[in-house]
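Q:
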Amino acid sequence: MGNDGVSLRTKCACGWEMTGGEDEVVAATIDHGRRVHNMTATREQVLETAEGLGPERPRPSTPVDRGGGRGGG
Amino acid sequence: MEVEGPVRAEVFVVWRNVDHLELTGPCGAAPWIIELDDVEHPLEVVDRIVRDAVGPPRLVHSTSWRRDRGAIILSFVVVIDAALVGDLPSVPIGRAILARSTATSAPLSVDFEQVVEHGPRHMAWLVQDDPVVRAELDDEWRSQLAAFVPEPFRALG
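Sequence lines, in order, name chains A and B.
Note that the working numbering numbers the first sequence so that position 53 is 66, with each residue one more than the last.
Note that the working numbering numbers the second sequence so that position 19 is 25, with each residue one more than the last.
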């Protein structure tokens, strides 16, 4: 369930979109689908439609990786 | 990500901005698509999702249905109080010519603006005919909906 240093973007047909690390994007997309559209999506379904944006770079406000947890988005 | 399934709700969140009606919603000032299943009542689903994403609605009412994009689309007007709008995008509701059926067949096409137009017209009728709706919408609301009453009804009023 790691990010593998890849930044992803998902877009909803309603215009909502989310960019970030894999875990962050998957969680937000599943939450958006359930809360706003009454949809049940799996992690795999989200990843199937996600767009890869290349290597993930830490945001300025995101602490540098300290050997655990998930990386910045 | 796109809502799928054979039955969907298309929700129009409407509120009164002082002297006119506006369309808003968590997906912008646009139709809000919600997936329906065969377990929960469509109205209960819409009420639940609106409560969670926007806040407690004042009225939830199904106003029309049609077949579109390979599904049955149930259109709902949801009335909310101004206090719930907050930062949600919102635009004034304009007027449109209704999509008319023939005597025995559906309209060839139905635009989003035509569905929106039908919503307040339906509410304008309900506010005169349905005591529950009448109790929920104050005089200012009734005044705004009066503009959506078809002429023959207006003459009788």
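Just so you know, even glycine gets a beta-carbon here, dropped at the ideal spot from N, CA and C.
These numbers come from a predicted model, not from an experiment.
(1) Can you name, in chain order, every residue of its own chain whose Cβ lies under 8 Å from the Cβ of residue 96 of chain A, other than the five neighbours on each side?
(2) List the whole-angstrom C-beta distance separating residue 151 of chain B from residue 133 of chain B, where the pair is believed to meet the contact cut-off of C-beta under 8 Å.
(3) From the DSSP output, in three-state form, read off residue 63 of chain B for me.
(4) List in chain order: all unbroken alpha helix (DSSP H) runs of 4+ residues lying wholly within the segment 30-55 of chain A.
(5) Between the beta-carbon of residue 7 of chain B and the beta-carbon of residue 62 of chain A, is there less than 8 Å?
(6) Could you tell me the distance, in whole angstroms, from the CA atom of residue 28 of chain A to the CA atom of residue 17 of chain B?
(7) Which residues of the segment 21-34 of chain A have a Cβ closer than 8 Å to any Cβ of chain B? Give them in chain order.
(8) Among all the DSSP beta bridges, which residues are the ones paired with residue 71 of chain B?
(9) Please list, in chain order, the residues of the segment 78-97 of chain B that have any C-beta partner in chain A closer than 8 Å.
(10) Just to check my reading of the structure: residue 93 of chain B and residue 64 of chain B have Cβ atoms closer than 8 Å, yes? What is that Cβ distance to the nearest angstrom?
(11) Near residue 34 of chain B, which residues of its chain fall below 7 Å by C-beta distance, leaving aside the five closest residues on each side in sequence?
(12) Just the C-alpha distance for residue 82 of chain B and residue 69 of chain B, rounded to the nearest angstrom, thanks.
(13) Quickly, what does DSSP pair residue 26 of chain B with across the bridge? List them, please.
(14) Tell me, which residues are paired with residue 22 of chain A by DSSP?
(15) Could you compute how far the alpha carbon of residue 128 of chain B sits from the alpha carbon of residue 135 of chain B?
A: A quick look at the data gives this:
(1) Summary: the structure shown does not reach residue 96 of chain A, with chain A confined to residues 14 through 86, and so no result is reported for it.
(2) 5 Å
(3) coil
(4) 35-50
(5) yes
(6) 15 Å
(7) 23, 24, 25, 26, 27, 28, 29
(8) B:80
(9) none
(10) Contact flag wrong, Cβ pair sits at about 20 Å.
(11) 95
(12) 6 Å
(13) B:23
(14) A:32, A:64
(15) 10 Å
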